[in-house]
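Residue numbers (our numbering): 1052 to 1533.
Written as structure tokens, this is what we have:
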């Protein structure tokens, strides 16, 4: 274990967090929010800055590192970011409990959108901005951002990017990892800027436009209104956000292909076809199942399309109380929570690639049982899938199920009922936000026990990092000298 390099990168991450707090500090000064809020932001910046300088003051002699260090750096970075990012809420008194504040901040950075706030509109604008900014930074990945602005971190930076970029298949866009990270972030920020403009053009206030664009871009779902997007009651705003959520749930590598004029290659992507097909099928099934609840077909399609877009991309914005929909509709939404968005996107869940390959593997095994002599290679996107990749997907699904079950058992200790416990774990582990019943779209996580909030906080981080970095971090073997 290269402890020196782990220390150095963590220090740089904390320095970055201190810098990211500056816009909130400036906004607090502009709004004249009062000494307590300003003091909270200054102290939080000071603590992050002080520890960051202490950790990164001395450049490590040995800069080479491997997969183990990459996983540890990513896991520690996300935990440290969530802890120090929670300090403004705790020091200001807006969220007095460190457990609640850690839950809220972890939900922000992991782009989950689950909240313990019962009246978000009472929060000062500076802290609302910080809360939503965590979505923007966490969406593409904090360490991907670091790689984009620190070209010197190149030697084995691919291990960091592999640990943080979601999906079973990782591919660099360009030869240098830092250049790949930079391209991804440029595309990401340009799409976010375009969304801000579109929302503002639709009548949403500029401040609201920025923060809701941050939530859609990171597929996080933090709103600054108690009733979420339903507050605006605008078909234009809902459709712009619904389409935007779907676009941010697409693999960003495909946008790069479009930029270099390989549009046909991008559109032929099999995962994209699965993704759009699942969305279309879900909208159709849910629309049929809830048609009796609506008088207007237009309003019906508007609510269903927005909700499906929000859930499959694991964003969590709400325009309708889907907890009141028939069981078949809620069952489809629950399944979408597990499916998630595409690999290489800002969305969570299992990812469409894994789900598609698991389905294809099941079909292949059935065919082999019927005809043992038949040997058909498993293909995806026109390419034969090798055995190591299939094993890694099967292994991930097994670990995913075990981690989910373990979290569910602990949350069930204090949960009022099974639906609340199950949907809360599903919604946080898959980085969605709203679940069902007590954790439903018109409720929040404030009523859960501190133990449940701690477990769900780490479930959010594990889900965002796809489990392995967190498991490696807490494994005793990781810290042994080889």
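For glycine and all other residues, C-beta sits at the position ideal for the given N, C-alpha and C.
All of these numbers come straight from a predicted model, not from anything done at the bench.
Within the DSSP bridge table, the entry for residue 1389 names no partner. Its chain contains 1513 and 1518 as the residues whose beta carbon lies nearer than 7 Å to that of residue 1454, once the 5 sequence neighbours on both sides are disregarded; these appear in chain order.
For the beta strand (DSSP E) assignment, the region 1138-1162 encloses no uninterrupted run of at least 3 residues.
As computed with DSSP, residue 1430 is found in a beta bridge with 1435. Annotation: the continuous alpha helix (DSSP H) that includes residue 1348 extends over 1348-1363. Boundaries of the alpha helix (DSSP H) harbouring residue 1087: 1086-1107, taken from the DSSP string. Here residue 1190 is near residue 1268, since their CB atoms are less than 7 Å apart. Judged by their CB atoms, residue 1108 and residue 1133 are not nearer to each other than the 7 Å cut-off. Closest by C-alpha distance to residue 1366, out of 1473, 1089, 1489 and 1280, is 1280. Under the DSSP assignment, residue 1506 falls in the alpha helix (DSSP H) whose first and last residues are 1501-1515. Of the candidates 1168, 1449 and 1119, 1168 places its Cα closest to the Cα of residue 1499. By the Cβ neighbour-count rule, residue 1397 is buried, with 16 or more other Cβ atoms within 10 Å of its own. Exclusion of the five residues before and after residue 1377 leaves 1340 and 1341 as the residues of its chain whose Cβ lies within less than 7 Å of its Cβ.
Note on residue 1097: under 16 other CB atoms within 10 angstroms of its CB, so exposed under the neighbour-count rule. Residue burial annotation: residue 1465 is exposed, with fewer than 16 other C-beta atoms found within 10 angstroms of its C-beta. In the three-state reduction of the DSSP assignment, residue 1372 falls in the coil class, being assigned neither a helical nor a strand state. Closest in alpha carbon position to residue 1394, among 1236, 1078 and 1326, is 1326.
Cβ atoms of residue 1298 and residue 1242 come within 8 Å of each other, at about 7 Å.
If the five residues before and after residue 1078 are omitted, its C-beta is found closer than 7 Å to the C-beta atoms of 1176, 1177 and 1180, all from its own chain and listed in chain order. Contact between residue 1065 and residue 1099 holds: CB atoms are separated by about 5 Å, below the 8 Å threshold. The region 1270-1284 and the region 1368-1385 touch, with no fewer than 3 CB-CB distances between them shorter than 8 Å.
One thing to note: residue 1511 has its Cβ within 7 Å of the Cβ of residue 1163. Around the CB of residue 1233, 16 or more other CB atoms lie within 10 Å, so the residue is classed as buried. Residue 1529 and residue 1260 have their C-alpha atoms roughly 44 Å apart. If the five residues before and after residue 1459 are omitted, its C-beta is found closer than 7 Å to the C-beta atoms of 1472, 1473 and 1476, all from its own chain and listed in chain order.
The beta carbon of residue 1345 sits closer than 6 Å to those of 1351, all from its chain and outside the five residues before and after it, given in chain order.
Spanning the alpha carbons of residue 1356 and residue 1479 requires a straight line of approximately 22 Å. With a contact defined as Cβ atoms closer than 8 Å, residue 1400 and residue 1165 miss out at about 14 Å. C-alpha of residue 1266 to C-alpha of residue 1182: approximately 10 Å in a straight line. Residues of the same chain with a CB within less than 6 Å of the CB of residue 1503, apart from the 5 flanking positions on each side, are 1462 and 1465 in chain order.
Along the region 1310-1346, the alpha helix (DSSP H) occurs as fully enclosed runs of 4 or more residues at 1314-1318 and 1321-1341, listed in sequence order.
Where residue 1061 is concerned, the enclosing alpha helix (DSSP H) starts and stops at 1054-1071. For a cut-off of 8 Å, the C-beta gap from residue 1402 to residue 1429 is around 17 Å, too long to register as a contact. Proximity to residue 1445 across 1419, 1431 and 1409 peaks at 1409, based on C-alpha coordinates. CA-CA distance, residue 1131 to residue 1081, rounds to 29 Å.
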